Amino acid sequence: MSDEIFYKVSFVVEGGEHPGAIINLDERPQVGDEVTFDGRTFEVLEVMELMPTIGNFGFLHVTCRYVRDEEE
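Numbering (the numbering used here), first residue to last: 65 to 136.
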């Protein structure tokens, strides 16, 4: 059995200017990390475990804030 944990992460953007996203990740996000989705970069402000890890699967809630649009 692998020790690797996969995460399904619900991203909620502070202020509601973006609808957020649900993304599968191989690594647990940390406060201060920058994540990119929908062509925009966001800073992670808070990470909460929504349910205890089961096997190699974890479900997280992340609150983040908009930082910048990605360059094309």
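Even for Gly, the Cβ is constructed at its ideal location relative to N, Cα and C.
Please read these numbers as outputs of a predicted model, since none were measured by experiment.
Would you check if the distance between the CB atom of residue i and the CB atom of residue j is smaller than 8 Å?
i, j, result
"residue 120", "residue 87", "no"
"residue 95", "residue 111", "yes"
"residue 134", "residue 103", "yes"
Provide the residue span of the beta strand (DSSP E) that contains residue i, from first to last.
i, result
"residue 122", "121-133"
"residue 38", "It is not possible to answer for residue 38, since the shown part of the chain is limited to 65 through 136."
Does DSSP put residue i in a helix, in a strand, or in coil?
i, result
"residue 78", "helix"
"residue 95", "coil"
"residue 118", "strand"
"residue 110", "strand"
Rounded C-beta distance between residue i and residue j? I'm assuming under 8 Å.
i, j, result
"residue 98", "residue 107", "6 Å"
"residue 78", "residue 109", "7 Å"
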